[in-house]
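A short write-up of the structure that comes next.
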Amino acid sequence: MGSITLKQVTKSFGDVNVIKPIDLSIRNGEFMVFVGPSGCGKSTLLRMISGLEDTTSGNIEIDGEDATELPPGKRGLAMVFQSYALYPHMSVENNIAFPLKRAKLPPEVIKQKVTDAATKLNLIDYLDRKPSQLSGGQRQRVAIGRAIVRQPSAFLFDEPLSNLDASLRVNMRLEISELHKSLNTTMVYVTHDQVEAMTMADRIAVFNKGVIEQVGSPIELYQQPVNKFVAGFIGSPKMNFIELNTANTSNVATIGARPEHIMVTEDSGLWQGKVGVVEHLGSESFLHITLADGTSLTVKVDGDTAIKYGDVVNLNVAEDKLFYFDAAGLNISDSVSSIAQVLGTSKQAVEG
Amino acid sequence: MQKTQSKIIYSVLAWSIAFLIFFPILWTVLTSFKTEAEAISSSPSLFMFDWTLVNYEDVLSRSPYFLHFTNSIIIAVGSSLIGLLIAIPAAWSMAFAQTDKTKHLLMWMLSTKMLPPVGVLIPIYLIFRDFGLLDTRLGLVIVMTLINLPIIVWMLFTYFKEIPKDILESARVDGASLGQEIVYVLMPIALPGIASTLLLNIILAWNEAFWTLILTAADSAPLTAFIASYSSPEGLFYAKLSAASAMAIAPILVMGWFSQKQLVRGLSFGAVK
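Top line first, the protein sequences correspond to chains L and E.
Using numbering that gives the first Met the number 0, the final residue of the first sequence is 351, and nothing's skipped along the way.
Using numbering that gives the first Met the number 0, the final residue of the second sequence is 272, and nothing's skipped along the way.
This is the structure we're talking about:
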């Protein structure tokens, strides 16, 4: 079991409301990722679920029982911190055994569980070492080991990979995903990295300024973002936004197009622009293009593109890959039938 | 070449300053081996005098050195330990459960050290008299604990602040109670800091003279009061006074010598990371 339900949960520090009323239901066994820019309240909400931060109002239910007032140790959750938060004076073995000792399990059971966890995480040769004698990745594994031995009803991860270098991060990402598959336990994972969110999550909750903008599967968020914020946050490189300067019948204020959906065409397209920097990544290249009105766009093209700095190119996007947002930033793509409907009145503005 | 030269200059300078600081102690120790006549001689000699142990014999036969020594140990160690016991939870809450008032509280605690002790002399004397605490070890332990508590809390607070909060929070999520969090996680990590705080406070309490002179007479007098008894109405006996002083500072000097590494580490904790 490991369902977590948040009902109208809020958090204020003095007069500052860091978490505005939030309702969220995390299902048993689910990998839920909280993603958002720094300072959006995602870590605070995770800490509230863990019990490290108290809840200003609302209820937190774990497995259907009200846990709002329970101390952290009694919630049956395990947490992995960004800084690993290992006990520096204890050996790896004692670090992993710490929660079991607090639960007063018999020594032989503790020994067995520690050995099992260490085997699973390739730490068996390091049991006698102190955390300071381990590499970053090994420390992170010890932190995970300490979390899994307790067989918690849910794992909470607070940006666990941000202290690792890029290649290690990719490995650990896979390890955590595999761990989730093998343990089948609920995981709540906080990150500001949308790639981590997209690759690991069953569902993602996108946070912004203390509210959840949207909850959904990675592909839902990518294909049907509810607003400009989510559209811009999910996807890499981020979605291009083209502001429309004049009013149009369909209330569209901004057109969105993902870099991977914009095509460079021979014949005249929707827009024309001048190529600035071209970033070659080998498998693909990113063109940074400036339109006549000053809007800059990022366009993804093949790795072996011949387009170079200073070229003038025509750009086009398939009709069904365009997004439309109103003045409030809401996605109104469903109510827009075609680009012509939008540009009919404002094509001038786009092309400058 | 330039480097070794400046190194030599710095070494000479450092040794000179160290010697300057150490000289009074050296002089006291040397005087303790002189006769009373040589001790007050107007042309004192540094080493060329008749070395004698007579002062030590006199001091040991005239007053119960070991009683005072025991008193000093009980008062210094006792007050420092009790101080730690009170200060660890206090410093924990100030370092890890801060509110906007914490700073003021810390400042207020420190401000009590700015008060001249004589300012509270009469009330404390009267309280001690009424509670029968005059000339008792318990009374001195209480007074020393209270006097040094602000320093103990401040020192521990500085050490605790250096410890990442995450580690304690992790212990909390792992099911540790507040007591377990402090005993199993905080204290072992802060051990160097706690040890140097303890050492420094033992030294402070050992050397405290104002309160010990006022609040004790004979039974519970520590070594500081024992030294003072040699400046009596009968006159000053420099050589005996020096012998008593040497015997009073010897234990703490030895302790300081053996724990200097710990002391320096503790005192510079946080300054260099």
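In this text, a Cβ means the ideal position worked out from N, Cα and C, and glycines have one as well.
**Study point:** Beta-carbon separation (whole angstroms), V142/E vs W210/E, contact threshold 8 Å
**Key:** 5 Å
Point to revise | Interface residues of chain L facing A175/E [CB-CB closer than 7 Å] | key: Near A175/E (Cβ distances below 7 Å), the residues of chain L are G72 and R101.
Check your understanding: Using the beta-carbon of each residue, which ones in chain E are nearer than 7 Å to S131/L?
Key -> Within chain E, no residue comes near S131/L; the closest Cβ sits about 12 Å away, beyond 7 Å.
Practice item. Check the C-beta distance from G135/L over to L163/L and give it rounded, since I have them as a contact under 8 Å. Key: 5 Å
Check your understanding: Would the stretch 69-89 of chain E and the stretch 162-173 of chain E be scored as touching if the rule is three or more Cβ pairs under 8 Å?
Key -> no
Review point. So what's W270/L in DSSP terms, helix, strand or just coil?
Key: strand
Exercise for review: Could you check what DSSP says for Q347/L in three-state terms: helix, strand or coil?
Suggested key: Because the pLDDT at Q347/L is just 43, under 50, the model does not fix this residue reliably, and the value given afterwards should be weighed accordingly. The answer is helix: DSSP assigns Q347/L an H, G or I state.
Check your understanding: In terms of residues, what are the limits of the beta strand (DSSP E) holding E242/L?
Key -> N239 to E242
Check your understanding: Which chain L residues sit within Cβ distance under 8 Å of Q179/E?
Key -> Close to Q179/E, with beta-carbon spacing below 8 Å, are these residues of chain L in chain order: R101.
**Study point:** Min CB distance R171/E to chain L below 8 Å
**Key:** yes
Check your understanding: Near S332/L, which residues of its chain fall below 6 Å by C-beta distance, leaving aside the five closest residues on each side in sequence?
Key -> F322 and Y323
Check your understanding: Are the C-beta of E168/E and some C-beta of chain L separated by less than 8 Å?
Key -> yes
Exercise for review: Please name the residue or residues paired with I288/L in a DSSP beta bridge.
Suggested key: V274/L and L296/L
Point to revise | is_contact[I188/E, chain L] using C-beta, thresh 8 Å | key: yes
Practice item. Note down, one range per segment and in chain order, each beta strand (DSSP E) of at least 3 residues found wholly within the stretch 71-143 of chain E. Key: none
Practice item. Could you work out which residues of chain E lie near D78/L, taking near to mean beta carbons separated by less than 9 Å? Key: It should be noted that the sequence gives Met, not Asp, for residue 78/L. Result: E168, S169, V172 and D173.
Point to revise | Beta carbon of V210/L nearer than 8 Å to that of K41/L | key: no
Exercise for review: Give the residues of chain E in contact with Y86/L, contact being defined as C-beta atoms less than 9 Å apart.
Suggested key: Going along chain E in sequence order, the residues near Y86/L (Cβ under 9 Å) are I166, S169, A170, Y183, V184, P187 and I188.
Check your understanding: If you count every other CB in all the chains shown that lies within 10 Å of the CB of Y9/E, and 16 or more means buried, which is it?
Key -> exposed
Exercise for review: Report yes if the CB atom of V8/L is closer than 8 Å to the CB atom of I21/L, and no otherwise.
Suggested key: yes
Review point. Using 8 Å as the limit for Cβ to Cβ distance, is P217/L near chain E?
Key: no
Exercise for review: Would you check if the distance between the CB atom of T400/L and the CB atom of I25/L is smaller than 8 Å?
Suggested key: Because chain L here runs from 0 to 351, residue 400/L falls outside it and cannot be looked at.
Exercise for review: Could you name the residues of chain L that P163/E contacts, counting a contact when the two beta carbons are closer than 8 Å?
Suggested key: S82 and A84
Practice item. On a CA-only basis, which of N183/L, R138/L, V17/L and Q150/L is nearest M171/L? Give me that one, please. Key: R138/L
Exercise for review: With 7 Å as the C-beta to C-beta threshold (strictly closer), list the residues of the stretch 10-29 of chain L near chain E in chain order.
Suggested key: none
**Study point:** Stretch pair the stretch 146-159 of chain E + the stretch 83-101 of chain E: three plus CB contacts closer than 8 Å
**Key:** Flag = yes, the stretch 146-159 of chain E and the stretch 83-101 of chain E touch.
Practice item. Would you verify that the beta carbon of G269/E is, or is not, closer than 8 Å to some beta carbon of chain L? Key: Note on G269/E: pLDDT 44, under 50, position unreliable in the model; the coordinate value appears next. No, G269/E does not count as interfacial toward chain L.
Point to revise | T118/L: first and last residue of the uninterrupted alpha helix (DSSP H) it sits in | key: P106 to K119
Review point. So Q213/L is in the alpha helix (DSSP H); what residue range does that whole segment cover?
Key: From DSSP, Q213/L is part of no alpha helix (DSSP H) but of the beta strand (DSSP E) over V210 to G215.
Point to revise | CA-to-CA distance, A242/E to T27/E, given in whole angstroms | key: 8 Å
Review point. Along the chain, where does the beta strand (DSSP E) that runs through E92/L open and close?
Key: Segment V91 to R101 is the alpha helix (DSSP H) holding E92/L; no beta strand (DSSP E) there.
Point to revise | Option in L145/E, I85/E, I251/E and L132/E with minimal Cα separation from I193/E | key: Nearest C-alpha to I193/E: I85/E.
Check your understanding: If you measure beta-carbon to beta-carbon, which residues of the stretch 32-55 of chain L are closer than 9 Å to chain E?
Key -> R46, S49, G50 and L51
Practice item. Consult DSSP for A256/L and reduce its assignment to one of helix, strand or coil. Key: strand
**Study point:** 8 Å contact criterion, which T223/E and E207/E should meet: CB distance rounded
**Key:** 7 Å
Check your understanding: What did DSSP end up calling Y188/L once you bin it into helix, strand or coil?
Key -> strand
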